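Student:
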Amino acid sequence: MRDSAPFPDSLDAWSAVQVSVLIPARDEAGNIGALATEIAAALGPVCTYEIVLVDDGSGDGTGQVFLQRCRELGAPAQLLRHARSCGQSTALMTAARHARGRYLVTIDGDGQNDPADIPALLAEAGQMAAQGKDFCVAGYRKNRRDTEWKKIQSKIANAVRRRILDDGVPDTGCGLKLIPRRTWLVLPYFDHMHRYIPALVLRLGGRVSVVPVNHRHRQAGVSKYTAWNRLWVGIVDMFGVRWLIRRSKQPLLEQVESTSA
3 MRDSAPFPDS LDAWSAVQVS VLIPARDEAG NIGALATEIA AALGPVCTYE IVLVDDGSGD
63 GTGQVFLQRC RELGAPAQLL RHARSCGQST ALMTAARHAR GRYLVTIDGD GQNDPADIPA
123 LLAEAGQMAA QGKDFCVAGY RKNRRDTEWK KIQSKIANAV RRRILDDGVP DTGCGLKLIP
183 RRTWLVLPYF DHMHRYIPAL VLRLGGRVSV VPVNHRHRQA GVSKYTAWNR LWVGIVDMFG
243 VRWLIRRSKQ PLLEQVESTS A
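What follows is the structure in structure tokens.
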């Protein structure tokens, strides 16, 4: 029996799908089937859902593996494909624009995020939705399963980001996040924007909550990130996001009046 408590009727009541899980993936054929299976197991008993995969120019049949597994599972799914790789932010934006769910959950395609953590994000979203329409629930990988060098890179990047943006998120690199679809679609879009979703939600006057999540070793394939695109490219983006935040104005609305004919 599905528990619909975390999904108030006032939130996008037109949608019959409660959660869309968005997966950006490039050359993840060795991981994507198991990931789809785990998502279906985690959400099937909890809510109505769909899995939206954007195959970002893969050359290994990632999309076909995903679609075949979803058919075997009877899991509702969409497969979208970029003819060439456009990057994670563009893949997520493509997925968000085609998604039907009230809430969007982002998850990496490499299998290191654990779909079993999604219900905890949904429970937190239920609390936050009662207090306002714009929010983000961000995962925090307390026990990283990465190399020591990768952990050092992430610590430096997170420290620099917190210093510049003050977004209150200890692990913005965690791919597991939840955000209402209508909030996502009003965020400014730019390359690498997925790294700054909490800060961009705060810019709207929204709120951010952090939930500890599991982190796992990659079972197949190779990482698409290097020290360069994790840190140095991101510094330019951070200053751009800080500029956006400082330019933002959130009016304090005192009264709304209307008349009917």
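First residue of the sequence shown? That's 3 in the working numbering, and the numbers climb one at a time after it.
The C-beta atom is built at its ideal place from N, Cα and C for all residues, glycine as well.
Values in this document were obtained by computation on a predicted structure and should not be read as measured data.
Give me the Cβ distance between residue 1 and residue 86, rounded to the nearest whole Å; I'm assuming they're in contact under 8 Å.
Tutor: There is simply no residue 1 to check, as the chain begins at 3 and stops at 263 in what is shown.
Student: Considering Cα atoms alone, identify which of 50, 215, 89 and 95 is closest to residue 79.
Tutor: Taking the first residue of the sequence shown as 1, we reach residue 79 at position 77. Residue 50 is the option with its Cα nearest to residue 79.
Student: Residue 260: buried (16+ other C-beta within 10 angstroms of its C-beta) or exposed?
Tutor: Here the question's residue 260 lines up with position 258 in the sequence shown. Taking every protein chain shown into account, the CB of residue 260 has fewer than 16 other CB atoms within 10 angstroms, so this residue is exposed.
Student: Measuring only the C-alpha atoms, how far is residue 46 from residue 111?
Tutor: Walking along the sequence shown from the start, residue 46 turns up at place 44. Walking along the sequence shown from the start, residue 111 turns up at place 109. About 19 Å.
Student: Please list the terminal residues of the continuous beta strand (DSSP E) segment that includes residue 67.
Tutor: Counting from one through the sequence shown, the residue named residue 67 turns up at place 65. Counting along the chain, residue 67 falls outside any beta strand (DSSP E), though it belongs to the alpha helix (DSSP H) covering 64 to 75.
Student: Between residue 217 and residue 146, how many whole angstroms is the CB-CB distance? I'm expecting something under 8 Å.
Tutor: On the sequence shown, residue 217 is found 215 positions in, with the first residue counted as 1. On the sequence shown, residue 146 is found 144 positions in, with the first residue counted as 1. Contact flag correct, Cβ pair sits at about 6 Å.
Student: Can you look up residue 41 in the DSSP assignment and give me helix, strand or coil?
Tutor: In the sequence shown, the residue the question calls residue 41 occupies position 39. Residue state, collapsed to three classes: helix.
Student: Between the stretch 32 to 41 and the stretch 109 to 129, do three or more beta carbon pairs fall short of 8 Å?
Tutor: yes
Student: How would you write the range of the beta strand (DSSP E) that residue 100 sits in, first residue to last?
Tutor: Taking the sequence shown and counting its residues from 1, one reaches residue 100 at position 98. Counting along the chain, residue 100 falls outside any beta strand (DSSP E), though it belongs to the alpha helix (DSSP H) covering 90 to 100.
Student: Quickly, what does DSSP pair residue 58 with across the bridge? List them, please.
Tutor: In the sequence shown, the residue the question calls residue 58 occupies position 56. Beta-bridge pairing links residue 58 to 84.
Student: Are there 16 or more other CB atoms within 10 angstroms of the CB of residue 20, so buried, or fewer, so exposed?
Tutor: By one-based count along the sequence shown, residue 20 stands at place 18. Buried: at least 16 other Cβ atoms inside 10 Å.
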